[in-house]
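**Student:** If you're matching positions, the sequence shown starts at 228 in the working numbering and goes up one per residue.
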Amino acid sequence: MKPKPIKRHLVLQPLSREHHQGLLLSWKIRTGFTKKIAYSRIKAYTDWFYKTYLIPHFTEEETHIFPILGEDNDLVKKAITQHRRLKRLFNTEKDIEKSLAIIEEELEQHIRFEERILFNEIQKVATEQQLQTIAAHQNEKEYIENSSDMFWK
Ligand SMILES: [Fe+2]
Ligand SMILES: [Fe+2]
228 MKPKPIKRHL VLQPLSREHH QGLLLSWKIR TGFTKKIAYS RIKAYTDWFY
278 KTYLIPHFTE EETHIFPILG EDNDLVKKAI TQHRRLKRLF NTEKDIEKSL
328 AIIEEELEQH IRFEERILFN EIQKVATEQQ LQTIAAHQNE KEYIENSSDM
378 FWK
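1) Might you give, ordered along the chain, the residues of its own chain that have their beta carbon closer than 6 Å to the beta carbon of I295, omitting 5 neighbours on each side?
2) Near L302, what residues of its chain come up, given a Cβ to Cβ distance below 7 Å and the 5 sequence neighbours on each side ignored?
3) Can you list, in chain order, the stretches of the alpha helix (DSSP H) that have 4 or more residues and sit fully within the segment 319-379?
4) Flag L250 as yes when its Cβ comes closer than 7 Å to any non-hydrogen atom of ligand 2, and as no otherwise.
5) Can you look up D299 in the DSSP assignment and give me helix, strand or coil?
6) Out of E342, R268 and E355, which one is the CA nearest neighbour of E245?
7) Can you list, in chain order, the residues of its chain with a C-beta nearer than 7 Å to that of T258? Leave out the 5 residues immediately preceding and following it.
8) Is E341 near ligand 3, with its Cβ less than 7 Å from a heavy atom?
9) List the whole-angstrom C-beta distance separating L334 from S253, where the pair is believed to meet the contact cut-off of C-beta under 8 Å.
10) Out of curiosity, what's the CA-to-CA distance linking H236 and H247?
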């Protein structure tokens, strides 16, 4: 029998929806590579996604979600290290091809880690009070695609 998938707590669902967009970003980079799109075009799009959606997402996790487990928790430490590495990769202007290839792989790995391990642990230990606090300040940003250059189509 397969283990039953853990249902994502309502409070964490907006972040899970953002994870879906993150996985799509990796897919778009892969598709751009396959279609031999100029790296500068892919980079322009990943820059937009990073600034508009990923920075706020990282900040939300680091400010409100990870503290539920605490900064000494090994899973949290791992996630924060991955955030730091991803930030460096998105911010770099050198060796764009290589950075995009690493982003494609590591962003997906990071999201899978959060969805399969870290978020399950968080919703297991979070108190009702902590979840209410997250819910109270939550302000989900609707995803609006940047349609200026949809190179993956
Ligand atoms: Fe994260
Ligand atoms: Fe995340």
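Beta carbons: idealized from backbone N, C-alpha and C, even for Gly.
Keep in mind it's a predicted model, so treat the numbers as computed, not measured.
**Tutor:** According to the data block:
1) For the purposes of this step, residue 295 is taken as the residue at position 68 of the sequence shown. Same-chain partners within the cutoff: I349, A353 and Q357.
2) Locating residue 302 in the sequence shown gives position 75, counting from the first residue. L296, I344, L345 and E348, listed in sequence order.
3) 323-340, 346-352 and 355-364
4) Residue mapping note: residue 250 aligns to position 23 of the sequence shown, counting from 1. No, ligand 2 has no heavy atom inside 7 Å of this Cβ.
5) As a position in the sequence shown, residue 299 is number 72, starting the count at 1. Of the three classes helix, strand and coil, the one that applies to D299 here is coil, per DSSP.
6) Position 18 of the sequence shown, counted from the first residue, corresponds to residue 245. For the residues E342, R268 and E355, the minimum Cα distance to E245 belongs to E342.
7) The count along the sequence shown starts at 1 and reaches residue 258 at position 31. The residues are W379.
8) Ligand 3 is not part of this structure, which contains only ligand 1 and ligand 2.
9) Mapped onto the sequence shown, residue 334 falls at position 107. Mapped onto the sequence shown, residue 253 falls at position 26. Correct: roughly 5 Å between the Cβ atoms.
10) The residue labelled residue 236 in the question sits at position 9 within the sequence shown. The residue labelled residue 247 in the question sits at position 20 within the sequence shown. Going by the C-alpha atoms only, they are around 16 Å apart.
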